[in-house]
Amino acid sequence: MVSDDDTWNSAIGDTILYYYSSAYPILPQPEPLFDLIHFTPFDLESSAVRREMRIYLVVADLSDTDSPATQMVLNDIGSEKAYQAKSDPDQSSVVIRDKWASGQMVIYQFAYSKADLIDQIIKRFPAAAKRINEFDSDKIRATVYQSGENTEESAEILAKMGAKVQVPGDYITAISNDDVIWLRKETDFLSSNLVFHKFKYTDQSQLTREGIKAVRDSIGKKYISSTLPGTYMQVNDKDLPMFTSVKTLHNRYALEARGIWEVVGDFMGGAFISYLIHDPDKPDLLFVDGFVHAPGKDKRDYMQNLEYIISTIEY
99 MVSDDDTWNS AIGDTILYYY SSAYPILPQP EPLFDLIHFT PFDLESSAVR
149 REMRIYLVVA DLSDTDSPAT QMVLNDIGSE KAYQAKSDPD QSSVVIRDKW
199 ASGQMVIYQF AYSKADLIDQ IIKRFPAAAK RINEFDSDKI RATVYQSGEN
249 TEESAEILAK MGAKVQVPGD YITAISNDDV IWLRKETDFL SSNLVFHKFK
299 YTDQSQLTRE GIKAVRDSIG KKYISSTLPG TYMQVNDKDL PMFTSVKTLH
349 NRYALEARGI WEVVGDFMGG AFISYLIHDP DKPDLLFVDG FVHAPGKDKR
399 DYMQNLEYII STIEY
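Taken in order, the sequence shown gives residues 99 to 413; the numbers are from our numbering.
Here's what the structure looks like:
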């Protein structure tokens, strides 16, 4: 994040922190949506390394004509473009690619008063966050598929579940039967998991918060446990809420759930993201669940990787 120190140490900086560093939904311990580092324009000019990051948010109050951030915005986008924001607030944001290095994105947000700048930051946050996430998708894909693709697992999911999905090469089969396919990636510090389950669609009540929770809990109780006998996985919506929202996944209706899980009878837990996908031309619903177990580690990036894999599903 690039601005003058006076801007950063004001209500403008507080607003940026409130939105861009808000909690990523839903993790056992709070982690920010985005990792922010603040630089002044002088900081950037004095260090080539600081000009090699991927994404920058440049914020300026253009009414302060002596501001280095104002001068930076005017030099980068042109005074004519900047002046349009004075009469049309919709012109108060500009995106430039590859300013200092290849593969960069610089988002400029500006206004002609501090109050208007705060309003623009709030108003434009959803679109800016979406743009940042889309820009990051290539980087996430490279991380997820650095071991290539497991085409055998993808073919099995297509045959048994009727869904296309790009399975990363480092995921192996934990369980595969006519009811469920459970894939796992195991390292010294991480267990990353994907579960697929297809079942008969009967009525709209299945596509509810209660419906998706019931499916997840039934799979967890039947198939997923720790090494201790009698243990099983369930949704923990007592310590943190489980949030649901309606999404579209490759033109299919999808109910998304985010929350945390626990193992009953053992001290294990983590984050999950689940989808119920409905195709009106098919008699079955597809349930897909991604969950991680990474004790003592931040989990946001691992969950983003699972989200990316799930985003490749075509049902």
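Where a beta carbon is used, it is the ideal one built from N, C-alpha and C, also for glycine.
*Grouping DSSP H, G and I as helix and E and B as strand, with all else coil, what is Leu134?*
Coil.
*Can you pull the DSSP bridge partners for Phe233?*
For Phe233, DSSP records no beta bridge to any residue.
*Identify the continuous alpha helix (DSSP H) that holds Arg195 and give its terminal residues.*
Unbroken run through Arg195 is the beta strand (DSSP E), Ser191 to Arg195; no alpha helix (DSSP H).
*Among the residues of its own chain, which have a CB less than 7 angstroms from the CB of Asp102, if the five just before and after it don't count?*
Closer than 7 angstroms at Cβ, skipping near neighbours: Thr138, Ser165, Pro166 and Ala167.
*Confirm, please, whether the CB-CB distance from Ala355 to Lys397 is below 8 angstroms.*
In this structure, Ala355 does not lie closer than 8 angstroms to Lys397 by Cβ.
*asked:* Here's the rule I'm using: 16 or more other beta-carbon atoms within 10 Å means buried, otherwise exposed. How should Phe287 be labelled?
replied: Phe287 comes out exposed.
*Any idea what DSSP makes of Gly309, helix, strand or coil?*
Look at Gly309 here: in three-state DSSP terms it is helix.
*For Pro126, which residues from the same chain have a beta carbon less than 8 angstroms from its beta carbon, with the 5 sequence-adjacent residues on both sides left out?*
For Pro126, where only same-chain residues beyond five positions count, the Cβ hits under 8 angstroms are Leu338, Ile358, Gly367, Gly368, Ala369 and Lys397.
*What runs of the alpha helix (DSSP H), each 4 residues or longer, lie entirely inside the stretch 237-308?*
249-259, all fully within the stretch 237-308.
*How would you write the range of the beta strand (DSSP E) that Asp387 sits in, first residue to last?*
Where Asp387 is concerned, the enclosing beta strand (DSSP E) stretches over Asp382 to His391.
*Let me know if Val344 comes out buried or exposed under the rule of 16 or more other beta-carbons within 10 Å of its beta-carbon.*
Answer is exposed; the Cβ neighbour count stays below 16.
*Based on Cα-Cα distance, which residue from Tyr122, Ser200 and Val157 lies nearest to Arg149?*
With distances taken between Cα atoms, Arg149 lies closest to Ser200.
*asked:* Suppose contacts are defined by Cβ-Cβ distances below 8 angstroms. Is Tyr117 in contact with Ile219 by that definition?
replied: The answer is yes: Cβ separation under 8 angstroms.
*Look at the alpha carbon of Trp106 and the alpha carbon of Asp112, and state the distance between them as a whole number of angstroms.*
As the crow flies, the alpha-carbon of Trp106 is around 8 angstroms from that of Asp112.
_With H, G and I counted as helix, E and B as strand and the rest as coil, what does DSSP make of Tyr400?_
Residue state, collapsed to three classes: helix.
*First and last residue of the beta strand (DSSP E) that includes Thr342?*
Bounds of the beta strand (DSSP E) holding Thr342 are Phe341 to Leu347.
*Should Gln304 be labelled buried (16 or more other beta-carbon atoms within 10 Å of its own) or exposed?*
Burial call: buried.
*Give the straight-line distance between the Cα atoms of Ile135 and Gly309, rounded to the nearest whole angstrom.*
If you take the alpha carbons of Ile135 and Gly309, they lie about 41 angstroms apart.
_Span separating the alpha-carbon of Leu353 from that of Gly260_ = Distance between the alpha carbons of Leu353 and Gly260 is about 18 angstroms.
*asked:* Assuming Ser290 and Tyr400 are in contact, meaning their beta carbons sit under 8 angstroms apart, how far apart are those beta carbons, in whole angstroms?
replied: About 6 angstroms; that satisfies the 8 angstroms criterion.
*Could you tell me whether the Cβ atoms of Val293 and Val278 are closer together than 8 angstroms?*
Against a cut-off of 8 angstroms, the Cβ pair of Val278 and Val293 comes out as a contact.
*Would you tell me roughly how many angstroms separate the C-alpha atoms of Ile411 and Leu172, rounded to the nearest one?*
The alpha-carbon separation between Ile411 and Leu172 amounts to approximately 44 angstroms.
*Between Ala121 and Ala257, what straight-line distance do the alpha-carbon atoms span, to the nearest angstrom?*
Approximately 38 angstroms between the Cα atoms of the pair.
*Could you give the DSSP three-state label for Arg152: helix, strand or coil?*
Coil.
_Contact check, Ser191 vs Arg222, beta carbons under 8 angstroms_ = Closer than 8 angstroms, so yes.
*Would you kindly work out how many angstroms separate the C-alpha atoms of Ser252 and Pro130, rounded to a whole number?*
Straight-line measurement puts the Cα of Pro130 at about 32 angstroms from the Cα of Ser252.
*Any chance the CB of Glu129 is under 7 angstroms from a heavy atom of the ligand COA?*
This structure simply doesn't include the ligand COA, nor any ligand for that matter.
*What are the boundary residues of the beta strand (DSSP E) that Trp359 is part of?*
Residues Arg350 to Val362.
*Could you give the residue range of the alpha helix (DSSP H) that holds Tyr330?*
From DSSP, Tyr330 is part of no alpha helix (DSSP H) but of the beta strand (DSSP E) over Tyr330 to Val333.
*asked:* My output table needs one value for Met366: the three-state DSSP class, helix, strand or coil.
replied: In the structure shown, Met366 sits in coil (DSSP, three-state: anything other than H, G, I, E or B).
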